[in-house]
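A.B. asks:
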Amino acid sequence: MVNAMAPPQILLLPDFESRQKWPRMLNPHWADMKEETLEWCRKFGAFTPAGQKAFDKCNFSLLCGLTFPFMTKEQLRCSCDLMNLFFIFDEHSDRTDPAEVWEQGRVIMDALRNPEKPRPKGEWVGGEITKQFWLPTTKISTKTFQRRFIATFDSYVESVAHEAENRAKESILGFEEYMVLRRETAGVTPCFAMVEMDMDIPDEVREHPIIQELEVLAVDLIMVLNDVTSYNREQACGTGDHNMITVIMNEQHATLQEAIDWCGRLHVTLTKRYDQLVTQIPHWGEPMDSQIRRLVDGFSQWETGLVHWGFESERYYGKNGSEVRRTCKVQLLPKVDVDGKEDPNAGPTAMVDEVCRLAPCVRV
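First residue of the sequence shown? That's 0 in numbering that gives the first Met the number 0, and the numbers climb one at a time after it.
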């Protein structure tokens with residue numbers, strides 16, 4: 000485990016916002032969805048009351064509004080429910096042993112493949128959450144989308160289980176190995192699939208090398224952005240080993256600030272290649288060209304939306320988002336010691352309502 004010598008107390012972050020070519024856009028339905036989806040999420044009792052309060056502050060409906068600005072109200076509701084599922088699984092899997100994470104993944108995939116099937120009594124709550132997200136989604140989406148979404152989500156849950164295994168071994172991956180796994184654990188490809196909810200893009204078009212490379216580049220851009228944004232929170236509550244910054248510090252023997260700067264330079268390089276490739280998208284004729292434009296715009300809007308959500312929600316910067324946005328500076332949070340012998344539902348709650356939301360209290 001990396002133990003950086005005397006890390007700086009003030010971290011200078013890359014100015015991701017200034018690099019965005021797509022403007023901030025917000026779905027007009029997001030506010031209507033906010034309380035509706037929060038109430039839906041609360042009824043499952045996935046967190047203790049204190050944990051649910053912390054979870055609510057993350058404002059995942061805002062994330063969907065920023066990243067899916069053109070969705071209909073019905074589509075946005077499905078996307079908001081998916082986002083809640085993502086982060087519930089993320090929080091539960093971070094605090095569960097690998098065998099249990101594999102089981103949680105099995106439950107999720109069974110619910111996706113069999114949405115009409117009643118969930119067994121006593122099953123992990125993620126099964127019912129998945130069912131209630133997916134069943135309405137299947138009623139307003141194409142079969143092509145459904146097939147692709149299930150395939151991407153299967154890869155995602157499997158990668159989260161592998162991440163749990165690495166975490167249990169306190170293993171820090173090398174950069175190349177990390178990138179391969181992180182492209183899946185980031186959960187970005189299922190989100191991109193949601194852009195195709197009402198589309199019917201054939202495989203030979205969707206799998207064109209330029210479209211595939213654009214998607215990988217978009218995933219990598221979001222991955223760099225998310226790892227830099229989330230590192231402070233993760234290192235504070237002991238889940239920072241599966242983060243690009245930790246990987247770079249470990250592999251390059253870099254300081255924390257040097258690793259952040261390196262990630263910033265990588266983001267610039269990826270952005271240049273992405274912008275270059277966008278101009279090389281082939282033409283298939285209408286209506287396919289319009290669908291591909293919507294898909295690639297969806298890739299781009301996801302990064303832009305994530306940048307703004309990082310500042311406008313309380314997940315990473317608490318109430319200091321506007322100040323971090325202005326200065327690109329953030330104070331390094333102290334590490335919170337989590338004693339596994341104490342209440343397993345307690346979690347690191349001391350700073351939940353302080354500078355940064357660290358982790359909701361999970362019911363396991």
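Beta carbons are placed, not taken as given, at the ideal position from N, Cα and C, and that holds for glycine.
1) Considering just the uninterrupted stretch of the alpha helix (DSSP H) at Leu25, what are its terminal residues?
2) Can you grab the Cα-Cα spacing for the pair Glu73 / Ile291, in whole Å?
3) Measure the beta-carbon distance from Gly104 to Ala160 and round it to whole angstroms, keeping in mind my assumption that it falls under 8 Å.
4) Taking all protein chains shown into account, decide if Asn58 is buried (16 or more other Cβ within 10 angstroms of its Cβ) or exposed.
5) Does the separation of the CB atoms of Ala167 and Asp96 fall below 8 Å?
6) As an exercise, report each continuous alpha helix (DSSP H) stretch of at least 4 residues that is fully enclosed by the segment 216-259, in chain order.
7) Within 10 angstroms of its Cβ, does His252 collect 16 or more other Cβ (buried), or is it exposed?
8) Taking only the alpha-carbon atoms, compute the straight-line gap between Cys236 and Val335 and give it to the nearest angstrom.
9) Express the C-alpha separation of Cys327 and Lys364 in angstroms, rounding to a whole number.
10) How is the alpha helix (DSSP H) around Val124 delimited, first residue to last?
11) Would you report the Cα separation of Arg324 and Trp261, rounded to the nearest angstrom?
12) Three-state secondary structure (DSSP) at Ile171?
13) State the DSSP-derived secondary structure class of Lys20, mapped to helix, strand or coil.
14) My guess is that Glu122 and Val306 are in contact by the Cβ rule of under 8 Å, so how many angstroms apart are they, rounded?
15) With distance defined between alpha-carbon atoms, name the residue in Glu233, Thr303, Glu214 and Gln145 nearest to Leu332.
16) Where do the ends of the alpha helix (DSSP H) carrying Leu75 lie?
17) Sorted by chain position, which residues of the same chain lie with C-beta nearer than 6 Å to Met198's C-beta, five sequence neighbours on each side aside?
18) Starting from the Cα of Arg272, find the closest Cα among Ile209, Glu115, Pro27 and Ser312 and give me that residue.
19) In this structure, does DSSP put Phe46 in helix, strand or coil?
20) So which of Arg76, Cys77 and Phe88 has the shortest CA-CA distance to Phe46?
21) Pairing CB atoms from the segment 311-318 with CB atoms from the segment 68-85, are three or more of them under 8 Å?
22) According to DSSP, is Leu269 part of a helix, a strand, or is it coil?
23) Could you tell me the alpha carbon to alpha carbon distance between Pro450 and Arg181, rounded to whole angstroms?
C.D. replies: In short, the structure shows the following:
1) Careful: Leu25 lies outside any alpha helix (DSSP H) and carries neither H nor E.
2) 22 Å
3) 5 Å
4) buried
5) yes
6) 243-251
7) exposed
8) 5 Å
9) Nothing can be reported for residue 364, as the shown portion of the chain is limited to 0 through 363.
10) It is not in any alpha helix (DSSP H) - Val124 carries neither H nor E in the DSSP assignment.
11) 20 Å
12) coil
13) coil
14) No, Glu122 and Val306 are not in contact; Cβ-Cβ is about 37 Å, not under 8 Å.
15) Glu233
16) Lys72 to Asp93
17) Gln290
18) Ile209
19) strand
20) Phe88
21) no
22) helix
23) Look at the range of the chain in this structure, 0 to 363, and you will see that residue 450 is not part of it.
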